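Throughout, our numbering is defined as the position within the sequence shown, counted from one, plus 704.
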Amino acid sequence: MMVLSRKWLLVAMAVLVFGALALSQVTIEFWHAMSRRHGPILETLIERFMEENPDITVNLVYQGRYGALSQKLIGAVAAGEPPTIAQQYENWTTQWLDALVPLEDYLAPEVLADLHPRFREMNTFGGKLLTVPFNKSIVVLYYRPDLVPEPPTTWEEFLQLACELTVDENGDGVPERYGTGLRPPNPEIFLTFLAQNEGTILSEDWTEVTINDERGLETMEFMAQLAKCALVQGGYLSDPFGQGLIAMFVDTSAGYPYNLAAAQEGGFEMRVAKVPCHKNCSSMVQGTNLGVFELGQTPEQIAAAVKLIEFLLRPENTVYWAEESGYLPVTVSGFESEEWQAFIAEHPERGVMTEQFLEGGFGQLLHPAYWDIRSLILTYYEAVLLGEMEPKEALDALAAEIEALITE
705 MMVLSRKWLL VAMAVLVFGA LALSQVTIEF WHAMSRRHGP ILETLIERFM EENPDITVNL
765 VYQGRYGALS QKLIGAVAAG EPPTIAQQYE NWTTQWLDAL VPLEDYLAPE VLADLHPRFR
825 EMNTFGGKLL TVPFNKSIVV LYYRPDLVPE PPTTWEEFLQ LACELTVDEN GDGVPERYGT
885 GLRPPNPEIF LTFLAQNEGT ILSEDWTEVT INDERGLETM EFMAQLAKCA LVQGGYLSDP
945 FGQGLIAMFV DTSAGYPYNL AAAQEGGFEM RVAKVPCHKN CSSMVQGTNL GVFELGQTPE
1005 QIAAAVKLIE FLLRPENTVY WAEESGYLPV TVSGFESEEW QAFIAEHPER GVMTEQFLEG
1065 GFGQLLHPAY WDIRSLILTY YEAVLLGEME PKEALDALAA EIEALITE
């Protein structure tokens, strides 16, 4: 008698469930953090999905910003009552690996093959594809061409130009305009430059803390120098940019619609360039992924959620999402589609974002403790930017805390 493997049993079950979906109604809950400009775009996609699949109802539930969403997911998983599908960062996913569906057992082979290899790697935990990319962005440089005719291409050029563009006309110590801006709550900017300097947080086997080595120190010293010519604030930089307080800044491509609107309100042009490079041109990928929870779900709900994911990953849908939101397509077919190629030809700044990802995009450290590691990096990065600690002092203290964390 033939014995089916677990994978083929799951595939067979999925086929049966998908068939059953055509005969019965199923409702799934989708938790997200998309608001303002991005929320209505997601709503449009969900409406299209339900029109195509009248037997599936998707309850799209906005849970607030990412911080609120993460806390609600933590509580829901602990209570055994998570939603069927939810946005989640990689460092969230590491907290509930066993609660998620292994998607390679459910997604169609052609869908799996179409995921961009870099994105697939970023969504693979312990050899299992537990999430798929969704609202993914890349770090780029925003600038005013009236102040920056040629964007900087190296660290040295970036620092020099930032300081040249910082203006304190009345000499009161508070510049009327800063050359750049930095947000302590966004340590991904530091991590982008760390990767460009070939630095890492941990050794490849995760046994040694490396963030305070020579490469890490050089990077943090660069950030400290840059902070002297920067507006350092916790809030998003789109508002001060629109107010004329910042000439250029490095930030995620997800902020493009907001930064563009701010520039238009300020009455000046905005352009996008690649992040200034150092030893390489790495740029950190940001944004969340989609995971399907096995915990607390019926087979029918899981199958419906998988069907939704496959819908969102279709080239026409990932391209629509990218065009409207400022995020990136997430599939090979999406990047290569005629529609996307025509779009970036018409909108060259979006082409810059695509090139930045394809040439140097990298993801989060997939260590189980990365949630806490990132929080520690943020704390000491902020201390350096605010001038409260020297780079070496901060990095050594940071390394000691990370060491204690990973050896618990």
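All C-beta atoms, glycine included, are put in the ideal place defined by N, C-alpha and C.
Here the structure is a predicted model, which is why all the values come from computation and not from measurement.
Which whole-angstrom value is the C-beta distance of residue i and residue j, which I expect to be below 8 Å?
i: Asn-963; j: Phe-945; result: 6 Å
i: Gly-991; j: Tyr-940; result: Gly-991 to Tyr-940, Cβ: 15 Å. No contact.
i: Pro-888; j: Val-936; result: 7 Å
i: Ser-986; j: Ala-866; result: At roughly 20 Å, the Cβ-Cβ gap does not stay under 8 Å, so Ser-986 and Ala-866 are not in contact.
i: Lys-978; j: Glu-892; result: That belief does not hold up - the Cβ atoms of Lys-978 and Glu-892 are roughly 16 Å apart, past 8 Å.
i: Ile-842; j: Gly-885; result: That pair is no contact at about 18 Å.
i: Phe-823; j: Lys-840; result: 7 Å
i: Ala-1073; j: Leu-1017; result: Actually they do not touch by this definition, with Cβ atoms about 30 Å apart.
i: Gln-1005; j: Ile-732; result: 5 Å
i: Met-952; j: Arg-881; result: 11 Å between Cβ atoms; not a contact.
i: Pro-879; j: Thr-870; result: 5 Å
i: Gly-1000; j: Pro-786; result: 6 Å
i: Met-1057; j: Val-730; result: That pair is no contact at about 37 Å.
i: Glu-1086; j: Leu-804; result: Contact flag wrong, Cβ pair sits at about 32 Å.
i: Met-974; j: Tyr-793; result: 27 Å between Cβ atoms; not a contact.
i: Gln-947; j: Gly-970; result: 7 Å
Can you give me the C-alpha to C-alpha distance between residue i and residue j, rounded to a whole angstrom?
i: Leu-811; j: Glu-747; result: 23 Å
i: Phe-838; j: Asp-1076; result: 23 Å
i: Gly-938; j: Met-988; result: 20 Å
i: Met-826; j: Ala-934; result: 32 Å
i: Leu-819; j: Thr-1035; result: 5 Å
i: Ala-772; j: Asn-874; result: 42 Å
i: Leu-727; j: Val-1010; result: Reliability of the predicted coordinates at Leu-727 is poor, the pLDDT of 46 falling under 50, and no value is obtained from them.
i: Ile-1048; j: Arg-1054; result: 6 Å
i: Leu-725; j: Thr-1002; result: Confidence at Leu-725 is low in this model, with a pLDDT of 47, below 50, so its placement is unreliable and the value that follows should be read with caution. When rounded, the distance between both Cα atoms is 12 Å.
i: His-736; j: Gln-791; result: 5 Å
i: Leu-1062; j: Thr-914; result: 26 Å
i: Tyr-1024; j: Gly-784; result: 34 Å
i: Glu-918; j: Leu-816; result: 40 Å
i: Pro-1033; j: Phe-1015; result: 14 Å
i: Pro-961; j: Val-976; result: 12 Å
i: Glu-1105; j: Leu-1080; result: 8 Å
i: Phe-734; j: Phe-897; result: 35 Å
i: Glu-1092; j: Leu-863; result: 21 Å
i: Tyr-766; j: Asp-872; result: 43 Å
i: Asp-876; j: Asn-984; result: 39 Å
i: Glu-1107; j: Leu-1089; result: 23 Å
i: Asp-759; j: Leu-777; result: 27 Å
i: Glu-1043; j: Gly-959; result: 22 Å
i: Leu-1012; j: His-1051; result: 29 Å
Out of the options, which one is the CA nearest neighbour of residue i?
i: Thr-761; options: Tyr-770, Ile-750, Arg-1018 and Arg-769; result: Ile-750
i: Gly-903; options: Leu-921, Pro-889 and Asn-763; result: Leu-921
i: His-1071; options: Thr-956, Val-1034, Glu-1050 and Leu-906; result: Leu-906
i: Arg-741; options: Glu-925, Ala-965, Asn-874 and Gly-1038; result: Ala-965
i: Asn-795; options: Pro-821, Ile-789 and Leu-834; result: Leu-834
i: Glu-1020; options: Val-844, Phe-1039 and Gln-767; result: Phe-1039
i: Gly-1067; options: Glu-785, Asn-993 and Leu-886; result: Asn-993
i: Phe-926; options: Glu-973, Glu-969, Thr-858 and Val-996; result: Thr-858
i: Leu-764; options: Met-738, Ile-893 and Val-805; result: Met-738
i: Ser-1041; options: Val-976, Thr-956 and Thr-1022; result: Thr-1022
i: Asp-802; options: Lys-1096, Val-996 and Val-1088; result: Val-996
i: Ala-931; options: Leu-999, Leu-845 and Phe-894; result: Phe-894
i: Gly-1065; options: Thr-956, Tyr-766 and Ile-1106; result: Thr-956
i: His-982; options: Asp-759, Glu-860 and Asn-757; result: Glu-860
i: Thr-1111; options: Val-836, Glu-912 and Ile-1013; result: Glu-912
i: Val-836; options: Gly-877, Gln-968, Glu-808 and Leu-1099; result: Glu-808
i: Met-924; options: Lys-1096, Tyr-770 and Ala-782; result: Lys-1096
i: Gln-775; options: Ala-928, Asp-759, Trp-800 and Glu-998; result: Trp-800
i: Ala-967; options: Asn-984, Val-954, Ala-958 and Asp-943; result: Asp-943
Quick one: give me the first and last residue of the beta strand (DSSP E) that residue i is part of.
i: Pro-837; result: 835 to 847
i: Ile-732; result: 730 to 736
i: Leu-886; result: 884 to 886
i: Val-762; result: 760 to 766
Could you pull the start and end residues of the alpha helix (DSSP H) that residue i belongs to?
i: Ser-1079; result: 1074 to 1089
i: Thr-1058; result: 1052 to 1064
i: Gly-743; result: 742 to 756
i: Glu-814; result: 813 to 818
i: Arg-769; result: Here Arg-769 belongs to no alpha helix (DSSP H), and DSSP marks it neither H nor E.
i: Met-826; result: 821 to 826
i: Ser-1037; result: 1036 to 1040
i: Pro-1095; result: 1095 to 1110
Got a sec: is the Cβ-Cβ distance from residue i to anything in chain D below 8 Å?
i: Met-1057; result: Among the chains of the structure shown, chain D does not appear; only one protein chain is present.
Practice prompt. Run through the region 774 to 807 for me and flag every whole alpha helix (DSSP H) of 4 or more residues, listed as ranges in chain order.
Written response: 794 to 797
Item to complete: With a floor of 4 residues, list each alpha helix (DSSP H) that falls wholly inside the region 992 to 1029, ordered by position along the chain.
Response: 1003 to 1016 and 1019 to 1029
Worksheet entry | In chain order, each alpha helix (DSSP H) run of at least 4 residues that lies wholly inside the region 912 to 989 | 918 to 931, 942 to 946 and 960 to 970
Practice prompt. Counting only runs of 3+ residues fully inside the region 866 to 902, write out the beta strand (DSSP E) ranges in chain order.
Written response: 884 to 886
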